[in-house]
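A quick write-up on the structure given underneath.
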Amino acid sequence: MEIEFSMASTDDDKDGGFPNFIPKELSLSVTNGTKFVDEVLSGESERCLENFRMDKQVFYKLCDTLQARGLLRHTNRIKIEEQLAIFLFIVGHNLRTRAVQELFKYSGETISRHFNNVLGAIMQITRDYLQLPGSDVTPEISTDPRFYPYFKDCVGVVDGIHLPVMVGVDEQGPFRDRNGLLSQNVLAAFSFDLKFHYVLAGWEGSASDLRVLKSAITRQYSLSVPEGKYYLVDGKYANMPGFIAPYGGVPYNLGGYHPKDARELFNQRHALLKRVSARIFGALKIRFPILMSAPPYPLQTQIKLVIAACALHNYIRREKPDDLIFKMFEEDTSIDVEESIPPLHMDHSMMQMENQALDTVFEPEQLEFSSQLRDSIASDTWDDYIRDFSSV
1 MEIEFSMAST DDDKDGGFPN FIPKELSLSV TNGTKFVDEV LSGESERCLE NFRMDKQVFY
61 KLCDTLQARG LLRHTNRIKI EEQLAIFLFI VGHNLRTRAV QELFKYSGET ISRHFNNVLG
121 AIMQITRDYL QLPGSDVTPE ISTDPRFYPY FKDCVGVVDG IHLPVMVGVD EQGPFRDRNG
181 LLSQNVLAAF SFDLKFHYVL AGWEGSASDL RVLKSAITRQ YSLSVPEGKY YLVDGKYANM
241 PGFIAPYGGV PYNLGGYHPK DARELFNQRH ALLKRVSARI FGALKIRFPI LMSAPPYPLQ
301 TQIKLVIAAC ALHNYIRREK PDDLIFKMFE EDTSIDVEES IPPLHMDHSM MQMENQALDT
361 VFEPEQLEFS SQLRDSIASD TWDDYIRDFS SV
């Protein structure tokens, strides 16, 4: 069953079983939230990043944007800066309403209301920052001879992540994933420079990744792949138009050994490009740890938090691509990572059943063309690899 997205409000004044962590500096004498926000914004930019998860100028620009669009306004008691600070402080430190009450000196109702107001405002601008790719070759491919020209039509990666979710007892069955944990299966498409193109949240944890991808490409607000382009996906999906998967059941040697054939080499190069998944999801979770805590909000609010976090991630990436959190996940090109890629394992029986569902989306000729495209990339990569290796 698919969970449709809709706007929702919440009374979130409860703890939910998770620790209320407040940065140590807040134990100092801060009389109220207004003074705390003023102190942070008048200090070094790093302090703003630590508390509100973005640099000071990026924070101010977001305030201006939300105000100019008429999405937030000053109230008699709380300025826009403080409203946004409340929201970012909660999602950036995984705090519950009670803990934020103690710092900002507002009632739980006030904290909850402004949290939801800011979340709703950010949702209104998500499509400004979650944008599908263009047709240009990405620099991460065009400047690397391992990938260019073979993967010149690749626009990024599609991958999924299971995020903890809190639902009522009667709803828990479908949300239990294969590990027995309550989660939502979130699908994301993203670029090699750590920007989300598309996010689909809200599917139950028991839903297969291929089923979620099928939903993403057939729904009204769909994941649209530019003509002639494709995303890379891993073995839990399928090789199909717009999405190139690794070869199943094809091992490849590690530890300094050379690949034995075109398929092994293709899987190595494919896996190298797919490493961006760990980097972008890592940066997202570090910046917004609330995503990993099953926050005690209605399900629709939990879904909105995922989408809003991805949009804010993109906004910060656009405005300050070298902030400290992004620097933590920059690629280290000095390491020969080809020797550390794990072998590929897939549940072939599950894949066979899931592949049958693709017949309702694509014609057999389309699926065959995708297979030929992958073979062509593998063949061209292998031919040049052998030629270069022989000339050494």
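Just so we're aligned, residue 1 is where the sequence shown starts under full-length UniProt numbering, counting upward by one. Note that CB positions come from ideal geometry on N, CA and C, so glycine has one too.
- In chain order, which continuous runs of the alpha helix (DSSP H) of length 4 or greater are located wholly inside the stretch 245 to 301? 262 to 274 and 276 to 287
- Query: Nearest to residue 65 by alpha carbon, out of 128, 34 and 139?
  - Reply: Against the sequence shown, residue 65 aligns to sequence position 65. Taking only the C-alpha atoms, the option nearest residue 65 is 128.
- Please determine, among 60, 90, 216 and 39, the residue with the shortest C-alpha to C-alpha distance to residue 202. The sequence position of residue 202 within the sequence shown is 202, counting from 1. Residue 216 is the option with its Cα nearest to residue 202.
- Query: Does the distance from the C-beta atom of residue 184 to that of residue 302 stay below 9 Å?
  - Reply: Taking the sequence shown and counting its residues from 1, one reaches residue 184 at position 184. Taking the sequence shown and counting its residues from 1, one reaches residue 302 at position 302. A contact, by the Cβ cut-off of 9 Å.
- Message: The beta strand (DSSP E) that contains residue 189, what's its start and end?
- Response: Numbered from its first residue, the sequence shown carries residue 189 at position 189. Residue 189 -> beta strand (DSSP E) spans 183 to 190.
- In whole angstroms, what separates the C-alpha of residue 288 from that of residue 94? Taking the first residue of the sequence shown as 1, we reach residue 288 at position 288. Taking the first residue of the sequence shown as 1, we reach residue 94 at position 94. Near 8 Å, if we compare the C-alpha coordinates of residue 94 and residue 288.
- Item | Residue from 264, 218, 175 and 194 whose Cα sits closest to the Cα of residue 326 | Here residue 326 corresponds to residue number 326 of the sequence shown, with the count starting at 1. It is 194.
- Could you tell me whether the Cβ atoms of residue 181 and residue 159 are closer together than 9 Å? Locating residue 181 in the sequence shown gives position 181, counting from the first residue. Locating residue 159 in the sequence shown gives position 159, counting from the first residue. Against a cut-off of 9 Å, the Cβ pair of residue 159 and residue 181 comes out as no contact.
- Query: With C-beta atoms as the reference, is residue 84 less than 9 Å away from residue 36?
  - Reply: For this step, residue 84 is matched to residue 84 along the sequence shown. For this step, residue 36 is matched to residue 36 along the sequence shown. Cβ distance not < 9 Å, so residue 84 and residue 36 don't count as in contact.
- Message: Let me make sure I understand the geometry here. Which of 71, 243, 278 and 282 has the alpha-carbon closest to that of residue 369?
- Response: Along the sequence shown, one-based indexing puts residue 369 at 369. Of 71, 243, 278 and 282, the residue nearest in Cα terms is 243.
- Determine contact between the stretch 300 to 318 and the stretch 217 to 229, defined as no fewer than three beta-carbon pairs at a distance below 8 Å. no
- Message: For residue 47, list the residues DSSP reports as bridge partners.
- Response: In the sequence shown, the residue the question calls residue 47 occupies position 47. In the DSSP output, where bridge partners are listed per residue, residue 47 has none listed.
- Query: Bridge partners of residue 204, per DSSP?
  - Reply: Looking up residue 204 in the sequence shown gives position 204. Looking at the DSSP assignment, residue 204 forms a beta bridge with 184.
- residue 157: first and last residue of the uninterrupted beta strand (DSSP E) it sits in: Numbered from its first residue, the sequence shown carries residue 157 at position 157. Unbroken beta strand (DSSP E) run through residue 157: 154 to 164.
- Would you kindly report the start and end of the unbroken alpha helix (DSSP H) that includes residue 221? Within the sequence shown, residue 221 is the residue found at index 221, counting from 1. Element bounds for residue 221: n/a, residue is neither H nor E.
- For the beta strand (DSSP E) that contains residue 231, what are its first and last residues? Position 231 of the sequence shown, counted from the first residue, corresponds to residue 231. First-last of the beta strand (DSSP E) with residue 231: 230 to 232.
- Task: Locate the alpha helix (DSSP H) running through residue 99, then write down its first and last residues.
- Result: For this step, residue 99 is matched to residue 99 along the sequence shown. Run containing residue 99: 97 to 104, per the alpha helix (DSSP H) assignment.
- Give me the Cα-Cα distance between residue 138 and residue 147, rounded to the nearest whole angstrom. In the sequence shown, residue 138 corresponds to position 138, counting from 1. In the sequence shown, residue 147 corresponds to position 147, counting from 1. When rounded, the distance between both Cα atoms is 11 Å.
- Query: Which residue from 285, 119 and 322 puts its Cα closest to that of residue 162?
  - Reply: Along the sequence shown, read from residue 1 onward, the residue named residue 162 stands at position 162. For the residues 285, 119 and 322, the minimum Cα distance to residue 162 belongs to 285.
- Can you tell me the Cα-Cα spacing of residue 34 and residue 90, whole angstroms? Translated into the one-based positions of the sequence shown, residue 34 becomes position 34. Translated into the one-based positions of the sequence shown, residue 90 becomes position 90. Distance between the alpha carbons of residue 34 and residue 90 is about 16 Å.
- Note down the Cα distance separating residue 351 from residue 371, rounded to an integer number of angstroms. Position 351 of the sequence shown, counted from the start, is the residue given in the question as residue 351. Position 371 of the sequence shown, counted from the start, is the residue given in the question as residue 371. Residue confidence is low: residue 351 scores 49 on pLDDT, short of 50, so the model does not pin down where it sits. No coordinate-derived value is stated.
- Message: Using only the alpha-carbon positions, how far apart do residue 154 and residue 366 sit?
- Response: Locating residue 154 in the sequence shown gives position 154, counting from the first residue. Locating residue 366 in the sequence shown gives position 366, counting from the first residue. About 18 Å.
- Can you tell which of 197, 269 and 87 has the C-alpha that lies nearest to the C-alpha of residue 62? Working through the sequence shown from its first residue, we reach residue 62 at position 62. Residue 62 has its Cα closest to that of 87, out of 197, 269 and 87.
- Message: Whole angstroms are fine: how far does the CA of residue 119 sit from the CA of residue 205?
- Response: Taking the first residue of the sequence shown as 1, we reach residue 205 at position 205. Taking the first residue of the sequence shown as 1, we reach residue 119 at position 119. So the alpha carbons of these two residues sit roughly 24 Å apart.
- Query: Thinking C-alpha only, which one of 42, 56 and 374 is nearest residue 232?
  - Reply: Residue numbering aside, residue 232 sits at position 232 when the sequence shown is read from its first letter. Of the candidates 42, 56 and 374, the one whose C-alpha sits nearest the C-alpha of residue 232 is 374.
- Query: Cα separation between residue 3 and residue 207?
  - Reply: As a working note, residue 3 is residue 3 in the sequence shown. As a working note, residue 207 is residue 207 in the sequence shown. Reliability fails at residue 3, whose pLDDT of 42 lies under 50, so the model's placement of it is uncertain and no value is given.
- Message: Considering only DSSP beta bridges, list what residue 240 is partnered with.
- Response: Translated into the one-based positions of the sequence shown, residue 240 becomes position 240. DSSP output for residue 240 lists 243 as bridge partner(s).
- Query: Where DSSP assigns a beta bridge to residue 196, which residues make up the other side?
  - Reply: Reading the sequence shown from its first residue, position 196 is the one you call residue 196. According to DSSP, residue 196 bridges with 190.
- Message: Taking the beta carbon of residue 136 as the centre, do at least 16 other beta carbons fall within 10 Å, making it buried, or is it exposed?
- Response: Translated into the one-based positions of the sequence shown, residue 136 becomes position 136. Residue 136 comes out exposed.
- Task: With distances taken Cα to Cα, identify the nearest neighbour of residue 269 among 141, 41 and 308.
- Result: Here residue 269 is taken as the residue at index 269 of the sequence shown, counted from 1. For residue 269, the nearest C-alpha among the options comes from 141.
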